[in-house]
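Chains as they are written, first to last, in my numbering: chain A, 1 to 482; chain B, 483 to 782.
A short worksheet on the structure shown next.
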Amino acid sequence: MMNSDLLYSPTLESAQPQKLDSFLDRIGELINGGYQPLAFFGTDEKLIYALMGRPQELELICTAFPASSQYPSLTPEFPAFHIFERELYEEYEIVPLNHPWLKGLRHPSHGAVKFEDYPFFKSDSRLIHEVGVGPVHAGVIEPGHFRFLMQGEIVEHLEIQLGYQHRGLIGLLCDGPLISKMPLAETIAGDTVIGHGTAFCRLVESLAESSPEANDIRILLLEMERVAMHLSTLSALAGDVAYIMSQNLFAALRTTVINATLSICGSRFGKRALCVGGVNYPLNKTLIDTLKVKMQKCAVQIKYTSEAMFASNSLLSRFDDTGKVSHEDALRFGFTGISAKASGVAVDARADYPIWAYPGFEVQTVASGDVYARAYLRYKEIMQSLHIIQEVLEQIDPAAPIQAALKELVPGKIAISIVEGARGRIVHIAKSKDADKALWYRIIDPSLTNWQALAMAVAGEQVSDFPLCNKSFDLSYCGSDL
Amino acid sequence: MINILSIIFFPLLFMGIIHRVKAIMVGRKGKSLWQNQRDFFKLLQKDEVLSQSATIISRMAPALSLAATITAALFVPFLSTKAVLSFRGDFILVMYLFTLSKGIMALAAMDSGSSFQGMGTSRELSFTAFLEPAFFLIIAALILSVGAGSLSAIFALQNVVSAGIWNVFASLFIAIALYIILLVESCRVPFDDPATHLELTMIHEVMVLDYSGFSLAVIHYTGALKIFIYASLISHLIIPPYSSAVWYLLVLAIVYIFTGVLESLMARFRMNRNLELVLVPLSIAMLTLTILLVLNTGVW
Chain A
1 MMNSDLLYSP
11 TLESAQPQKL
21 DSFLDRIGEL
31 INGGYQPLAF
41 FGTDEKLIYA
51 LMGRPQELEL
61 ICTAFPASSQ
71 YPSLTPEFPA
81 FHIFERELYE
91 EYEIVPLNHP
101 WLKGLRHPSH
111 GAVKFEDYPF
121 FKSDSRLIHE
131 VGVGPVHAGV
141 IEPGHFRFLM
151 QGEIVEHLEI
161 QLGYQHRGLI
171 GLLCDGPLIS
181 KMPLAETIAG
191 DTVIGHGTAF
201 CRLVESLAES
211 SPEANDIRIL
221 LLEMERVAMH
231 LSTLSALAGD
241 VAYIMSQNLF
251 AALRTTVINA
261 TLSICGSRFG
271 KRALCVGGVN
281 YPLNKTLIDT
291 LKVKMQKCAV
301 QIKYTSEAMF
311 ASNSLLSRFD
321 DTGKVSHEDA
331 LRFGFTGISA
341 KASGVAVDAR
351 ADYPIWAYPG
361 FEVQTVASGD
371 VYARAYLRYK
381 EIMQSLHIIQ
391 EVLEQIDPAA
401 PIQAALKELV
411 PGKIAISIVE
421 GARGRIVHIA
431 KSKDADKALW
441 YRIIDPSLTN
451 WQALAMAVAG
461 EQVSDFPLCN
471 KSFDLSYCGS
481 DL
Chain B
483 MINILSIIFF
493 PLLFMGIIHR
503 VKAIMVGRKG
513 KSLWQNQRDF
523 FKLLQKDEVL
533 SQSATIISRM
543 APALSLAATI
553 TAALFVPFLS
563 TKAVLSFRGD
573 FILVMYLFTL
583 SKGIMALAAM
593 DSGSSFQGMG
603 TSRELSFTAF
613 LEPAFFLIIA
623 ALILSVGAGS
633 LSAIFALQNV
643 VSAGIWNVFA
653 SLFIAIALYI
663 ILLVESCRVP
673 FDDPATHLEL
683 TMIHEVMVLD
693 YSGFSLAVIH
703 YTGALKIFIY
713 ASLISHLIIP
723 PYSSAVWYLL
733 VLAIVYIFTG
743 VLESLMARFR
753 MNRNLELVLV
763 PLSIAMLTLT
773 ILLVLNTGVW
């Protein structure tokens with residue numbers, strides 16, 4: 001295992017405010033050195049932070065708010081910053097000059113940037129017509145608005161507008177003792193309970209400079225969540241092209257997996273499974289053995305079902321070459337998780353910032369960047385996760401303690417925790433205020449950056465393929481709405 | 483009389499077969515064959531909500547569409563090979579009653595003022611444009627084969643075991659062409675997915691998106707009746723003339739079961755490839771017509 005210390009205390013010495021010029025220059029240097037922006041945000045201390053990372057290395061830099069409330073935008077040169085700069089602009093009214101599409105992100109009621117002031121991208125061409133979908137959708141889906149500029153059946157441009165949920169999550173996390181926020185952290189994205197839960201726990205533990213127990217049980221739950229989510233996406237993908245065979249079989253298999261999670265912690269989505277300092281429920285010998293057998297069986301069934309699905313010509317004719325994201329775009333825009341790996345970009349927090357040994361771990365990628373790539377990659381990742389699950393189950397010691405005693409937070413400390421959730425890299429970063437509260441807390445869900453991938457994938461595609469493309473990314477609305 | 487009873491009872495019942503087969507194919511138990519009837523009566527009792535921009539067209543369309551389809555059904559042979567109404571050349575009326583039914587629904591879809599419905603209408607009508615000539619060419623081929631008459635007579639007389647090897651081919655080809663027309667007209671997989679909730683991928687469903695309650699029940703029944711008409715024509719095309727109703731029901735059931743199996747084993751086509759396949763019945767009909775022409779005129 002690599003130096004896990006890195007995860008607990010990255011080079012925070014450099015987190016002293018720099019001059020704006022040197023801050024921007026440093027970001028340029030880092031990106032040219034292979035770094036990606038993991039987070040970029042303003043805080044109430046009137047500081048702009050940038051968390052940059054490349055495999056096994058993190059660097060946190062910051063600068064004071066510019067006196068003129070404006071600075072030259074990083075986006076034209078490094079598009080990965082586009083969504084972060086919009087967020088910064090909305091929250092603190094700092095204008096990134098020359099940002100190509102400066103518009104609010106979540107439209108909080110108190111923000112000076114009003115929704116009405118920012119129209120959707122329009123075209124005056126008489127050949128183009130607009131179709132708006134949402135924010136209320138057919139089916140039980142979260143709210144989000146999709147504005148298509150279409151020429152006939154072809155999508156010329158898609159603009160995605162989220163921010164209808166106004167959950168105020170960031171504020172709530174800082175309001176009251178951080179340790180009591182576990183239930184809130186589990187709802188950051190309801191289908192990534194373990195992903196965000198683990199990130200939250202590790203962050204608090206790191207702020208308190210204590211080390212948790214039962215890390216392997218967390219890893220087990222995390223991988224089971226990944227398997228369950230990938231299965232549900234594969235099921236929905238098959239459903240979107242009316243291939244009901246795989247739709248039903250994958251849905252049934254997902255139930256098997258989430259029921260296994262249920263047998264561990266009493267919740268199919270893993271709620272209440274984690275706690276700061278460890279986990280809430282021990283695994284006994286019988287349960288470990290049952291899980292081993294169950295997951296083994298599951299692996300065989302998933303293999304057969306997937307092989308049948310990926311051999312179906314009618315399904316492949318829908319998946320192949322639909323909704324392409326190029327390798328260059330995936331790199332430039334800093335996509336993470338499935339969205340990047342399906343375009344051949346090997347980013348995976350389990351390899352880059354591991355929180356467990358993961359013996360023999362190799363980042364799974366598929367090169368083609370289309371719906372097929374994202375579907376097939378999910379299958380590959382499921383098999384990989386099932387393998388990891390067997391390894392973890394092998395290592396779990398039923399007699400080991402499952403909770404460490406809680407310590408107080410170290411005031412004024414910045415901590416970072418990075419976890420690879422099913423959708424991609426989850427980054428939590430926070431600064432402690434006193435012994436139990438956070439001064440600020442930021443969450444960067446993979447969906448925030450990856451929604452752009454969807455907009456790029458559907459450009460030039462048939463509008464009727466949009467739902468399929470959308471599902472192939474399977475992004476979270478609430479993960480971005482916070 | 484027996485045909486009128488068929489028109490009333492069979493369409494929704496046979497739709498149940500497709501749902502049941504699909505469920506069994508994927509390992510579920512599936513809903514009862516009578517569930518469609520129950521849903522129908524449940525919907526009949528419900529209130530309706532209409533779009534604010536809806537005019538009288540939206541209100542009248544489902545009923546008019548149903549009326550047109552039922553009138554068309556009166557000319558079609560069902561359990562009894564003798565249709566309720568028939569006259570020489572009635573197939574032209576039947577075809578245009580279908581078109582009328584669809585045209586009214588298209589108008590109603592535009593009437594609701596939703597951008598989705600316009601999109602669905604343009605998709606659906608683009609298919610109809612190719613199906614209409616296909617249907618007429620099929621009829622033309624049949625007339626060449628068995629002589630002119632009414633729709634019921636033509637379909638009752640033509641069959642796979644009647645005179646000549648070429649007639650057998652012609653019947654089978656026409657059955658295939660009619661079956662593809664059935665799939666397209668009734669919006670089944672692989673052309674359309676009746677189960678989807680995604681407006682952007684819908685064809686027929688999106689046209690009726692704004693309907694609820696009584697109108698929706700009427701629309702569901704009209705759709706079921708349409709499949710039933712095409713399936714009956716296929717069935718009569720295949721079975722020998724004046725054979726017992728049991729054979730008719732058997733072939734009918736096979737058509738429905740086959741549809742269920744097909745839907746379970748296939749994904750939908752990509753929208754832009756649909757048109758290619760809609761052209762298939764047209765091509766088949768032309769091919770069959772050519773074969774029969776050559777045969778009958780004795781050129782070959």
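For glycine and all other residues, C-beta sits at the position ideal for the given N, C-alpha and C.
Quiz item: Whose C-alpha, out of A/V133, A/V204, A/Y89, is nearest the C-alpha of A/V463?
Solution: Of A/V133, A/V204, A/Y89, the residue nearest in Cα terms is A/V133.
Practice problem: State buried or exposed for B/A623, treating a residue as buried only when at least 16 other CB atoms are found within 10 Å of its CB. | Solution: buried
Quiz item: Measuring CA to CA, which of A/S472, A/A430, A/W440 is closest to A/S206?
Solution: A/A430
Quiz item: Within this structure, are the beta carbons of A/L283 and A/I258 separated by less than 8 angstroms?
Solution: Result no, Cβ atoms of A/L283 and A/I258 do not sit closer than 8 angstroms.
Quiz item: Got a sec: which bits of the segment 678 to 712 of chain B sit with their beta carbon under 9 angstroms from any beta carbon on chain A, in order along the chain?
Solution: T678, H679, L680, E681, L682, T683, M684, I685, L691
Practice problem: State the DSSP-derived secondary structure class of A/K413, mapped to helix, strand or coil. | Solution: coil
Quiz item: How close, in whole Å, do the beta carbons of A/E381 and A/H196 come, if the pair is a contact with beta carbons under 8 angstroms?
Solution: No, A/E381 and A/H196 are not in contact; Cβ-Cβ is about 19 angstroms, not under 8 angstroms.
Exercise. Determine, using beta carbons only, whether A/R378 comes closer than 8 angstroms to chain B.
Key: no
Practice problem: Check the Cβ of B/P672 against every Cβ in chain A and list those closer than 8 angstroms, keeping chain order. | Solution: A242, S314
Quiz item: Could you give the distance in angstroms between the alpha-carbon of B/A505 and the alpha-carbon of A/I244?
Solution: 9 angstroms
Practice problem: Output the boundary residues of the alpha helix (DSSP H) element that contains A/F200. | Solution: 193 to 207
Quiz prompt | Delimiting residues of the beta strand (DSSP E) encompassing B/M542 | solution = Unbroken run through B/M542 is the alpha helix (DSSP H), 538 to 555; no beta strand (DSSP E).
Self-check item: Exposed unless 16 or more other CB atoms sit within 10 angstroms - verdict on B/R502
Solution: buried
Exercise. Compute the distance between the beta-carbons of A/A138 and B/E530, then report whether it is under 8 angstroms.
Key: Not closer than 8 angstroms, so no.
Quiz item: Ordered along the chain, which non-local residues of its own chain (more than five positions away) have a Cβ less than 7 angstroms from that of B/G695?
Solution: L525, K528, D529, E530
Quiz item: Can you find a C-beta in chain A that's less than 8 angstroms from the C-beta of B/D593?
Solution: no
Quiz item: Cβ atoms of A/D481 and A/G163: under 8 angstroms apart, would you say?
Solution: yes
Self-check item: Presumed contact (8 angstroms Cβ cut-off) between A/H99 and A/E90, rounded CB distance
Solution: Between A/H99 and A/E90, the beta carbon gap of about 12 angstroms keeps them out of contact (Cβ cut-off 8 angstroms).
Quiz prompt | Neighbourhood of B/L698 by C-beta distance below 6 angstroms, restricted to the same chain and skipping five residues each side | solution = L525
Quiz item: What is the residue span of the beta strand (DSSP E) that A/S432 lies within?
Solution: 425 to 432
Exercise. Measure from the C-beta of B/N754 to each C-beta in chain A and report whether the shortest distance is under 8 angstroms.
Key: yes
Practice problem: Leaving aside the five residues before and after B/V760 along the sequence, list all residues of the same chain whose C-beta is less than 7 angstroms from its C-beta, in chain order. | Solution: Excluding positions up to five away in sequence, the list reads F609, F612, L613, V666.
Quiz item: Is there a Cβ from chain B that is less than 8 angstroms from the Cβ of A/M245?
Solution: Yes, A/M245 counts as interfacial toward chain B.
Quiz prompt | Short CB-CB distance (under 8 angstroms) between A/R332 and chain B | solution = For A/R332, the nearest beta carbon of chain B is not closer than 8 angstroms to its own beta carbon.
Quiz item: Who are A/Q403's beta bridge partners in DSSP?
Solution: As DSSP reads the structure, A/Q403 sits in a beta bridge with A/G278.
Quiz item: What residues in its chain sit with their C-beta under 8 angstroms from that of A/L158, if we drop five residues either side in the sequence?
Solution: Correct list, in chain order: F146, R147, F148, L149, L454, A455, V458, A459, F466.
Quiz prompt | Residue closest to B/V508, alpha-carbon to alpha-carbon, out of A/A238, A/L24, A/K114 | solution = Of A/A238, A/L24, A/K114, the residue nearest in Cα terms is A/A238.
Practice problem: Measure from the alpha carbon of A/L468 to the alpha carbon of each residue in A/E153, A/Q18, A/V410, A/D370, then state which is nearest. | Solution: A/D370
Practice problem: Output yes if chain A places a C-beta closer than 8 angstroms to the C-beta of B/A601; else output no. | Solution: In the sequence as displayed, the identity of residue 601 of chain B is Met instead of Ala. B/M601 counts as touching chain A.
Quiz item: Exposed or buried, B/Y703, counting other C-beta atoms within 10 Å across all chains shown (16 or more means buried)?
Solution: A residue is called buried when at least 16 other Cβ atoms come within 10 angstroms of its Cβ; B/Y703 meets this threshold and is buried.
Quiz item: Where B/L494 and B/N649 are concerned, what is the direct C-alpha to C-alpha distance, given to the nearest angstrom?
Solution: Roughly 33 angstroms between the two C-alpha positions.
Exercise. Pick helix, strand or coil for A/R442, following the three-state DSSP scheme.
Key: Strand, per DSSP.
Practice problem: Indicate whether at least one CB of chain A lies closer than 8 angstroms to the CB of B/L747. | Solution: Closer than 8 angstroms to some Cβ of chain A, the Cβ of B/L747 qualifies, so yes.
Quiz prompt | Beta-carbon proximity check, A/A346 vs A/V419, cutoff 8 angstroms | solution = no
Quiz item: In terms of residue numbering, what span does the beta strand (DSSP E) encompassing A/F41 cover?
Solution: 36 to 43
Quiz prompt | Cβ separation of A/I170 and A/Y441, assumed to be a contact under 8 angstroms, to the nearest whole Å | solution = 6 angstroms between Cβ atoms; contact.
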